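So the sequence shown is numbered by the UniProt record's numbering: it starts at 1 and just counts up by one.
Backbone N, C-alpha and C define an ideal beta-carbon position, used for all residues, glycine too.
Computed from a predicted structure; not experimentally measured.
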Amino acid sequence: MRNQTIFSIKNIAFLFFISLIYLACAKEQKQETPKTNELALQEETIVTESLINPEGKTILARFNTPKNYTRIPLEATHFGTYLRNLPLKAFNSTVKYFDGREKYNNNVYISVVDMEIGTRDLQQCADAVMRLRGEYLFAQKRLNDIHFNFLSDGKPRYFKKYANGDHSYKKFRKYMNYIFAYANTASLRKELSKVTDIKDIQVGDVFIQQGNPFGHAVIVVDVAKNELGEKIFMLAQSYMPAQETQILVNKQNSKLSPWYKAKKGTLHTPEWTFESTDLRRFKE
């Protein structure tokens, strides 16, 4: 009996010793895995950061063009110049919803446009596009050109008529909220002109789909090209619920991100899929 007890104790001790060795190996393996992942992340960050100046305060200043690409030249008063100079929040800022909640960045956006969006669930995808267009026209003092169509009748509502003599920025913001409440992707899509060839893409163009019941719209905030005439572009969006406008990453090509190649066919953005035939343009 005594020998059996000693044998059992020895077995238990042996098993305990083996368990310690196994746990030590497991712990060592767990420590190695994050190091490998961390290295991979560092390598990808190096590639991405070569196109990014974290201290830049605008789209133009924060994002470099890839090697052999240069930005399309634009006049100072062009809509695209306004978009390139949109102010950005500090690098790594989080997108905020209209109610102050944060939008978790699941590899969707790389920067956030520094522009208030109000406290109501109004400035969603097409609304953000109209907001940028309206802000540009207001800054250019082109008040007669500020108008957007209602979904209900397809007719434009003009800022000048709405303002009734009050052309202040405060009145303009109220007008934009008024538009957001009665316009959407369907009305905006009908209002814009079709771009027949994506190779003709310009800063300020819009990829837009009218869904049933929901569609989506993203705006081209920069365009560059190489010596062969091949173009790349950058996109910004808002989404549902209403949220700050954000510069999108390119999940399909992390080395080129946040730029996208202008090519015929399907365009995969982080939260929507478009076709090149969805490209539209505001009338100058």
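- Between Ala186 and Tyr175 the beta-carbon gap is near 20 Å, outside 8 Å, which marks them as no contact.
- Taking 8 Å as the cut-off, the beta carbon of Thr77 is found no closer than this to the beta carbon of Gln123.
- Closest option to Ser50, judged by alpha-carbon separation, among Ser254, Tyr260, Asp278: Ser254.
- In the three-state scheme derived from DSSP, where H, G and I count as helix and E and B as strand, Glu102 is classed as strand.
- Boundaries of the beta strand (DSSP E) around Met234: 231 to 237.
- Under the Cβ criterion (8 Å, minimum of three pairs), the segment 180 to 194 counts as touching the segment 148 to 156.
- Asn177: member of the alpha helix (DSSP H) spanning 169 to 182, first to last residue.
- By a beta-carbon distance limit of 8 Å, Gln209 contacts Phe274. Their separation comes to about 6 Å.
- The shortest C-alpha to C-alpha distance from Phe233 to any of Leu143, Gly80, Met115, Glu284 is the one to Gly80.
- Between Phe98 and Thr65 a beta carbon distance of about 33 Å is seen, past the 8 Å cut, so the two are scored as non-contacting.
- DSSP places Ser187 outside any beta strand (DSSP E); the residue lies instead in the alpha helix (DSSP H), whose first and last residues are 185 to 191.
- A straight line joining the alpha-carbon of Gly229 with that of Ile198 spans about 12 Å.
- For Leu151, there is no enclosing alpha helix (DSSP H), as DSSP marks it with neither H nor E.
- Of all alpha-carbon atoms in Val221, Lys170, Asp166, the one lying nearest the alpha-carbon of Gln202 is that of Val221.
- For Phe274, the enclosing beta strand (DSSP E) has its first and last residue at 272 to 275.
- By the C-beta criterion, the segment 233 to 243 is judged to be in contact with the segment 256 to 272, since at least 3 inter-stretch pairs fall below 8 Å.
- Non-local C-beta neighbours of Asn250 in its own chain, meaning closer than 7 Å and more than five positions away in sequence, comprise Leu256, Ser257, Pro258, Trp259, Tyr260, ordered along the chain.
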